[in-house]
Amino acid sequence: MFVKGQVYRRRNLHSTYGGNWQSGITPSSSNPLIFLFSGQSGEQYGYTDGWKDGVFLYAGEGQVGNQEFIRGNRAIRDHVDNRKDLHLFLDVGDAQVQYESAMVCIGHDYSQTRDRDGNLRRIIIFQLIPLDDSIDPSYEENSSESAIDATSASQLRDRASKTETGGTASVRDRQVTVYSRSKAVKDYIAVRANGHCEGCGVAAPFITVKGRPYIEPHHIHRLSDGGPDHPRWVVGLCPNCHRRAHYSSDANEYNNQLDAKVKALEDALGP
Ligand SMILES: [Zn+2]
Ligand SMILES: [Zn+2]
6 MFVKGQVYRR
16 RNLHSTYGGN
26 WQSGITPSSS
36 NPLIFLFSGQ
46 SGEQYGYTDG
56 WKDGVFLYAG
66 EGQVGNQEFI
76 RGNRAIRDHV
86 DNRKDLHLFL
96 DVGDAQVQYE
106 SAMVCIGHDY
116 SQTRDRDGNL
126 RRIIIFQLIP
136 LDDSIDPSYE
146 ENSSESAIDA
156 TSASQLRDRA
166 SKTETGGTAS
176 VRDRQVTVYS
186 RSKAVKDYIA
196 VRANGHCEGC
206 GVAAPFITVK
216 GRPYIEPHHI
226 HRLSDGGPDH
236 PRWVVGLCPN
246 CHRRAHYSSD
256 ANEYNNQLDA
266 KVKALEDALG
276 P
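Quick note: the sequence shown uses the working numbering, first residue 6, plus one each step.
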C-alpha cells in the first residue's frame with residue numbers, strides 16, 4: 006500500500022484516507038489503519054522518537070499534563086484487538102512525510118518530561134517493531150530446513166497460531182516472541198503452500214539452495230488481524246502474485262480473493 010522510503014504529501018494521504026491533519030496519531034476514517042507521524046516540530050517537549058535496538062520508541066499524544074490512554078494513545082495500544090494496522094511516517098519537512106514501515110505495538114513504558122510550561126509530567130513511550138513481510142533475504146538463512154521436516158504440519162500450525170504477547174515480559178522478550186512467531190508462521194505457510202503459489206496455483210519458480218520451493222509469505226490486507234502474524238492472515242505467493250498483492254491497481258480486490266482462499270484452506274484444516 007505504501008512504499009518504504011517514499012515521500013508523501015500529508016495533504017494527499019489525508020485526502021485519500023481521511024484522518025486528522027493536526028494529529029501525530031490519526032486513524033483513517035475510511036480504512037482499518039492508523040497513521041503515526043513522527044518528528045513533528047515541538048510535538049513532544051524533552052523527548053525525541055527514534056530507533057533503539059530494532060524497536061521504534063514513539064511518544065504518545067497530549068502536550069500538557071500526564072498522557073492518558075485516550076484517543077490516539079488508546080488507538081495504538083489496542084490496534085491489534087481492533088484490527089487496525091499502524092503505518093509509521095517520518096516528518097521530512099515542508100508538509101511531507103517519508104514512509105517507514107507497517108508497525109506492531111509490542112508494549113509501552115512511561116517517561117517523565119517537562120511540558121512546554123515547564124511542569125513535570127508523565128508521557129507514554131510506545132514500543133513499535135516493524136512488520137515487514139516484503140522479500141526477506143534472511144528468511145532462508147534463518148530457517149532451518151531440518152526443523153521443518155522434523156515437525157508435522159499440524160504442529161507447525163499450532164506453533165504458528167499462538168498469539169499471546171505483552172504482559173510483564175521485557176521489551177526484548179516480547180520482540181523475540183513476535184519474531185519467533187513470525188518465523189513459525191513462515192515455516193507453516195511454506196508447508197501449507199506445498200510448493201505452489203496459493204494465489205495462482207503455479208509451482209514455485211525455483212528451488213532454493215536449501216532445496217525448498219521458493220514461496221514468499223504475504224500478509225493479507227489487515228496485517229493486525231488475529232495478531233501481527235497468524236496463519237489465517239498470511240498467504241504463500243510466487244513473486245509475481247506477491248507484487249500484484251502490493252502494487253496492482255486491483256490490489257484490494259485481489260487481497261480479498263486471497264483472503265477467501267486462505268479462509269477456505271484454513272477452514273478445511275479445522276479450528
Ligand atoms: Zn502466483
Ligand atoms: Zn506482502
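For every residue, glycine included, the Cβ atom is placed at its ideal position computed from N, Cα and C.
Every value quoted in this text rests on a predicted model; they were computed, and no experiment measured them.
Near ligand 1: Leu274 beta-carbon under 8 Å from a heavy atom: For Leu274, the distance from the CB to the nearest heavy atom of ligand 1 is not below 8 Å.
Gly77 versus Thr31 - alpha carbon distance: 7 Å
Any heavy atom of ligand 1 within less than 6 Å of residue CB: hits in chain order: Cys202, Gly204, Cys205, Val207, Leu242, Cys243, Asn245, Cys246
Taking only the alpha-carbon atoms, compute the straight-line gap between Thr53 and Arg162 and give it to the nearest angstrom. 40 Å
Strictly by DSSP, which residues pair up with Ala208? His201
Less than 6 Å between C-beta atoms, sequence neighbours within five positions excluded: which residues of the same chain meet that for Arg164? Ala189
By alpha-carbon positions, which one of Val60, Ser34, Phe42, Glu66 ends up nearest to Val97? Residue Phe42 holds the alpha-carbon nearest to the alpha-carbon of Val97 among Val60, Ser34, Phe42, Glu66.
Measuring CA to CA, which of Cys246, Ala100, Glu271 is closest to Gly44? Checking every option, the nearest Cα to that of Gly44 belongs to Ala100.
Between the beta-carbon of Trp26 and the beta-carbon of Arg15, is there less than 9 Å? Between Trp26 and Arg15, the C-beta spacing is below 9 Å.
Please classify Asp96: does DSSP put it in a helix, a strand, or coil? strand
Put Trp56 into one of helix, strand or coil per three-state DSSP. strand
Euclidean distance between Cα positions of Pro135 and Lys9: Distance between the alpha carbons of Pro135 and Lys9 is about 11 Å.
Cut-off 8 Å between Cβ atoms - residues of its own chain near Ser33, not counting five sequence neighbours on either side: The answer, listed in chain order, is Tyr22, Gly23, Gly24, Ile39, Phe40.
By alpha-carbon positions, which one of Cys243, Tyr104, Pro37, Glu73 ends up nearest to Asn87? Minimum Cα distance to Asn87 is reached at Pro37.
Bridge partner(s) assigned by DSSP for Gln103: Val12, Leu95
Give me the Cα-Cα distance between Gly241 and Asp90, rounded to the nearest whole angstrom. 20 Å
So for Val109, helix, strand or coil by DSSP? strand
Ala198: beta carbon under 8 Å from a heavy atom of ligand 2? no
Nearest by alpha-carbon distance to Gly67: which of Ile111, Ala80, Ile128 is it? It is Ile128 whose Cα lies nearest to the Cα of Gly67.
Close Cβ partners of Ala250 (< 7 Å) along its chain, the five nearest in sequence each way excluded: His223, Leu242, Ala256, Tyr259, Asn260, Leu263
Would you say the beta carbon of Ala250 comes nearer than 8 Å to a heavy atom of ligand 2? Relative to ligand 2, Ala250 has its C-beta within less than 8 Å of a heavy atom.
By DSSP, does Gly65 sit in helix, in strand, or in coil? Note: Gly65 maps to coil in three-state DSSP.
Less than 8 Å between the CB atoms is what I'm expecting for Phe131 and Gly65, so what's the real figure, rounded? 7 Å
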